[in-house]
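Worksheet: one structure, shown below.
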Ligand SMILES: Cc1cc2nc3c(=O)[nH]c(=O)nc-3n(C[C@H](O)[C@H](O)[C@H](O)COP(=O)(O)OP(=O)(O)OC[C@H]3O[C@@H](n4cnc5c(N)ncnc54)[C@H](O)[C@@H]3O)c2cc1C
Ligand SMILES: Nc1ncnc2c1ncn2[C@@H]1O[C@H](COP(=O)(O)O)[C@@H](O)[C@H]1O
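Residue numbers (the numbering used here), protein chains in the order written: chain P, 1 to 333; chain D, 334 to 587.
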């Protein structure tokens, strides 16, 4: 019943965001007549091959630098809306990222079409139904689209695993970027990337995450040491991101990243549902918390009731950590 | 500078939320309603800008009649006035409808800046700010972690999945703020007293120039999500690290 399904393929500083290939993998399973990707900004031409391999028959692309220099919402929403008016897709899948939300929210208002956020899955049968989770994934809600198309859905990161489809190279349609001068009123003047050594948080096989129970921002150094010894990445709860201990790029949870490592070690994290929604797909979960009643223990395979910084220091020492490791943690009570 | 801050009253987030399996609406019985704690950051950001650069903060809300309590809290913090759009036709409104109503309410007064939170604590669709901006035809500077204003240009450090971006924007614009942006003030006793006499407009849909579309989405099923079972919880008697090592070995991490 769906003729055309599109994916908003986000570029992340020139390269394709992983969400693009995840969403295309899903899009091509919906039995639609055609699957296309919209990819806007410098790097879109280079990304077309990958998009094609993951199921995009057509890639609507623009290499206009304005898409990277201006806030993405306005210019990208205008371009998507113009493409919609020409090609009439039924459904557009967006990543639930900062940029994806900025574009989808504006497209919804511009075209007067519905948008469903926090989607985890989508099915197309008689109706098109989106599964999303509410209340920290304690409840699943299925919502059917009605009314005007295209229908828009914003997916949580890593809802699908990207798999190449093979197939022919996509048709690349260069789209004119006519940037409304109004959008030039807001521009990005500086970008800084948070790059940590080692694997990225979303790819790492081990994630060592810290929360307020670490007591002192300096104790994140312990987590970094442990992560390094385990070839893993460091994550965090929102409480410590909001407190400015670590950058938002490390946040795991509903409004942060979704991680599914082999082992997730939660250090001094209470286990609020907004946090656990981002990590409960981990294969093994270890939690260290001083409070035996902490909700995190309800889903941990192994729970240690104790001081997080202290247990982590000892773990570092046991693993033969670098000099300086295993020193008494900061401010531990 | 005239600042409109969007605030929402929500069921107390400390009581776990639940959707009624038959009506598919949020269960509200026996749950206190509070000003969304996320919105306090928006109110604070607005008040700080108005104090430094002149102007007033007006709060705008859509919700049931009892949302006046949330607006009163914003007034007690220092907002100059408030608008509540309450209408039975808006029960269960989706993100687009919400944005249409808020944009129409904002347009009734002068505004240079519209401030929202990045997402509501109960609904967290996180697209209402962008939709408002589109309807008002202005930029949306979202996910702000810090905000400064030099009298003409707003400089915002915004957080993204990979780091931060610094954005410069002229007015008018929509600004959505994260919880890391400031430390909201508490209402003072004087503020609470003063709030009683501040203007609070109550509007219904008839008062607004707004076109609502058809119902475009419908919840067809609500069910509990599969939950993970917990394992062993042991007190750290000095062997906690050893126990973790065992698990790491089993998981073939080391
Ligand atoms: C709309 C919305 C979205 C949200 N999104 C996210 C999100 O994406 N990610 C996220 O993480 N949160 C999110 N939250 C916040 C979430 O609800 C919690 O507030 C947050 O996860 C708590 O972080 P925390 O566990 O570090 O801090 P706390 O809840 O303060 O917990 C600290 C824990 O440390 C323990 N502790 C204290 N001292 C020690 C010690 N010495 N050793 C060991 N343990 C100790 C305590 O017992 C406690 O359990 C969101 C909230 C809202 C409203
Ligand atoms: N009913 C409402 N009344 C006032 N403001 C709202 C309402 N709904 C959403 N908002 C604003 O938009 C932000 C994002 O909401 P949402 O997109 O629903 O997650 C909220 O934090 C509020 O600032």
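From the three backbone atoms N, C-alpha and C, an ideal C-beta is built for every residue, glycine too.
Contacts of residue i in chain D (Cβ-Cβ under 9 Å)
i: residue 147/P; result: 546, 547, 548, 549 and 550
i: residue 97/P; result: 493 and 494
i: residue 248/P; result: 476, 478, 492, 493, 494, 496, 497, 511 and 513
i: residue 182/P; result: 470, 471 and 472
i: residue 129/P; result: 553 and 554
Rounded separation between residue i and residue j - CA only
i: residue 465/D; j: residue 56/P; result: 32 Å
i: residue 196/P; j: residue 210/P; result: 15 Å
i: residue 325/P; j: residue 99/P; result: Bear in mind that a pLDDT of 49 at residue 325/P, under 50, signals an unreliable position, so the model cannot answer this.
i: residue 278/P; j: residue 74/P; result: 29 Å
i: residue 89/P; j: residue 393/D; result: 35 Å
i: residue 524/D; j: residue 405/D; result: 10 Å
i: residue 566/D; j: residue 202/P; result: 27 Å
i: residue 570/D; j: residue 301/P; result: 18 Å
i: residue 390/D; j: residue 379/D; result: 6 Å
i: residue 333/P; j: residue 144/P; result: Confidence at residue 333/P is low in this model, with a pLDDT of 46, below 50, so its placement is unreliable and the value that follows should be read with caution. Near 51 Å, if we compare the C-alpha coordinates of residue 144/P and residue 333/P.
i: residue 82/P; j: residue 555/D; result: 36 Å
i: residue 506/D; j: residue 579/D; result: 54 Å
i: residue 200/P; j: residue 537/D; result: 50 Å
i: residue 13/P; j: residue 275/P; result: 27 Å
i: residue 118/P; j: residue 7/P; result: 16 Å
C-beta neighbour in chain D for residue i, strict 8 Å
i: residue 126/P; result: no
i: residue 25/P; result: no
i: residue 160/P; result: no
i: residue 3/P; result: no
i: residue 188/P; result: yes
i: residue 333/P; result: Note that residue 333/P has pLDDT 46, beneath the 50 cutoff, so the model's placement of it is unreliable and the number below is only indicative. For residue 333/P, the answer is no, since every Cβ of chain D falls outside 8 Å of its Cβ.
i: residue 7/P; result: no
i: residue 171/P; result: no
i: residue 293/P; result: no
i: residue 45/P; result: no
i: residue 321/P; result: no
i: residue 12/P; result: yes
i: residue 325/P; result: Reliability of the predicted coordinates at residue 325/P is poor, the pLDDT of 49 falling under 50, and the value obtained from them is presented with this limitation in mind. Not one chain D Cβ lies under 8 Å of residue 325/P.
i: residue 192/P; result: yes
i: residue 155/P; result: no
i: residue 254/P; result: yes
Neighbouring residues, chain P, relative to residue i (Cβ below 7 Å)
i: residue 425/D; result: Within 7 Å Cβ-Cβ: nothing; residue 425/D doesn't reach chain P, min ~12 Å.
i: residue 569/D; result: 304, 305, 306 and 311
i: residue 432/D; result: 109
Check whether residue i and residue j have beta carbons under 8 Å apart
i: residue 407/D; j: residue 415/D; result: yes
i: residue 67/P; j: residue 152/P; result: no
i: residue 503/D; j: residue 479/D; result: no
i: residue 110/P; j: residue 467/D; result: yes
i: residue 162/P; j: residue 22/P; result: yes
i: residue 443/D; j: residue 335/D; result: yes
i: residue 577/D; j: residue 286/P; result: yes
i: residue 249/P; j: residue 190/P; result: no
i: residue 62/P; j: residue 79/P; result: yes
i: residue 150/P; j: residue 219/P; result: no
i: residue 263/P; j: residue 581/D; result: yes
i: residue 477/D; j: residue 449/D; result: no
i: residue 488/D; j: residue 451/D; result: no
Neighbour flag for residue i against chain P, beta carbons, 8 Å
i: residue 336/D; result: no
i: residue 352/D; result: yes
i: residue 344/D; result: no
i: residue 576/D; result: yes
i: residue 360/D; result: no
i: residue 457/D; result: yes
i: residue 383/D; result: no
i: residue 396/D; result: no
i: residue 389/D; result: no
i: residue 440/D; result: no
Nearest-angstrom beta carbon gap, residue j and residue i [assumed within contact, 8 Å]
i: residue 114/P; j: residue 429/D; result: 6 Å
i: residue 47/P; j: residue 11/P; result: 7 Å
i: residue 312/P; j: residue 222/P; result: 5 Å
Interface residues of chain P facing residue i [CB-CB closer than 9 Å]
i: residue 595/D; result: Lying outside 334 to 587, the shown extent of chain D, residue 595/D is not represented and no answer is given.
i: residue 529/D; result: Under the 9 Å cutoff, chain P gives no residues; its nearest Cβ is about 32 Å from residue 529/D.
i: residue 349/D; result: 135, 136, 138 and 273
i: residue 557/D; result: 138, 139 and 140
Contacts that residue i makes with chain D (C-beta to C-beta distance below 7 Å)
i: residue 330/P; result: The premise fails here: residue 330/P is roughly 18 Å from chain D at the closest Cβ pair, so nothing lies under 7 Å.
i: residue 220/P; result: Under the 7 Å cutoff, chain D gives no residues; its nearest Cβ is about 16 Å from residue 220/P.
i: residue 284/P; result: 580 and 584
8 Å Cβ cut-off: residues of chain D touching residue i
i: residue 300/P; result: 563, 564 and 566
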